[in-house]
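Below is one structure, written out as structure tokens; comments come after it.
In the numbering used here, the protein residues as written are 39 to 275.
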């Protein structure tokens, strides 16, 4: 019995070591906590969501079980850059880390599985609406779809700005099998009332409706339910 248990421990250590050797790692869970110390009692520094990339992770503990998952505490050093760079460092439990190739495939399979209710597939996912039309281009803005119909928009976990940051909120619901998103945002006003103010912004509200999700070369895209609206072109991840 002891020999069998020892063998299991050796196999686990080897598999954990190979997991962190050369593969790009991603978060395999939602609201996974980065902590200040390698302990479940340590302060929470931030939360990560499924598919978030981890660029440097080193084991700092022996194997253990937390929340029914086997793994080790990993020291994380992450730098996230958009307009500015945020240095993220702390400790994550490896039971919530997997190779990015696996998390990407799992997420794609789940998002396209129509046997799962649409609202469950979309909960905690990041929705990026391009907010663009030919007359008034604006940056893409992403916000995380939170259960209850709201969207998070603080920090890089919930909002990513590809060109510039615009205050944006999504109020969402699934009704009759369709995703309805009410967008509240701002866009650049290229004809501002104040002379010489070329960077003025104006408040914009509009509604987008989607009837499903499809996979394209560039990712998971929402299929619009009505006539095509350039402002409502959207992807989820």
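Beta carbons are placed, not taken as given, at the ideal position from N, Cα and C, and that holds for glycine.
Since we're looking at a predicted model, the values are computed, not measured.
- In the three-state scheme derived from DSSP, where H, G and I count as helix and E and B as strand, residue 99 is classed as coil.
- Counting the other Cβ atoms within 10 Å of the Cβ of residue 78 gives fewer than 16, which makes it exposed.
- Beta-bridge analysis with DSSP links residue 154 to no other residue.
- Note: residue 213 is bridge-paired with 216 in the DSSP secondary-structure output.
- Of all C-beta pairs linking the stretch 143-163 to the stretch 102-113, fewer than three are shorter than 8 Å, placing the two stretches out of contact.
- Exclusion of the five residues before and after residue 163 leaves 183, 274 as the residues of its chain whose Cβ lies within less than 6 Å of its Cβ.
- Here the C-alpha atom of residue 144 lies approximately 30 Å from the C-alpha atom of residue 81.
- Residue 143 sits in a helix when the DSSP states are folded into three classes.
- Annotation for residue 249: 216, 261, 263 place their beta carbon closer than 6 Å to its own, counting only its chain and skipping 5 residues before and after.
- In the structure shown, residue 132 falls within a helical segment according to DSSP collapsed to helix, strand and coil.
- Each residue's CA atom was taken as its position, placing residue 67 and residue 165 some 17 Å apart.
- For residue 109, the enclosing beta strand (DSSP E) stretches over residues 107-109.
- Here residue 211 has 187, 218 as same chain residues with Cβ atoms under 7 Å from its own Cβ, once five neighbours each way along the sequence are excluded.
- The beta carbons of residue 74 and residue 83 sit closer together than 8 Å.
- Residues of the same chain with a CB within less than 7 Å of the CB of residue 146, apart from the 5 flanking positions on each side, are 253, 258 in chain order.
- It is roughly 28 Å from the alpha-carbon of residue 61 to the alpha-carbon of residue 181.
- The bridge partners DSSP lists for residue 206 come to none.
- Cβ contact annotation for residue 76 (same chain, cutoff 7 Å, sequence separation greater than five): 98, 99, 111, 129, in chain order.
- Using a 10 angstroms sphere on the CB of residue 131, the tally of other CB atoms reaches 16 or more, which defines it as buried.
- Nearest to residue 141 by alpha-carbon distance, out of 246, 90, 126, is 90.
- Beta-bridge analysis with DSSP links residue 94 to no other residue.
- DSSP places residue 85 inside the beta strand (DSSP E), whose first and last residues are 82-86.
- In its chain, beyond the 5 residues on either side, 216, 218, 263, 264 have a beta carbon closer than 6 Å to the beta carbon of residue 247.
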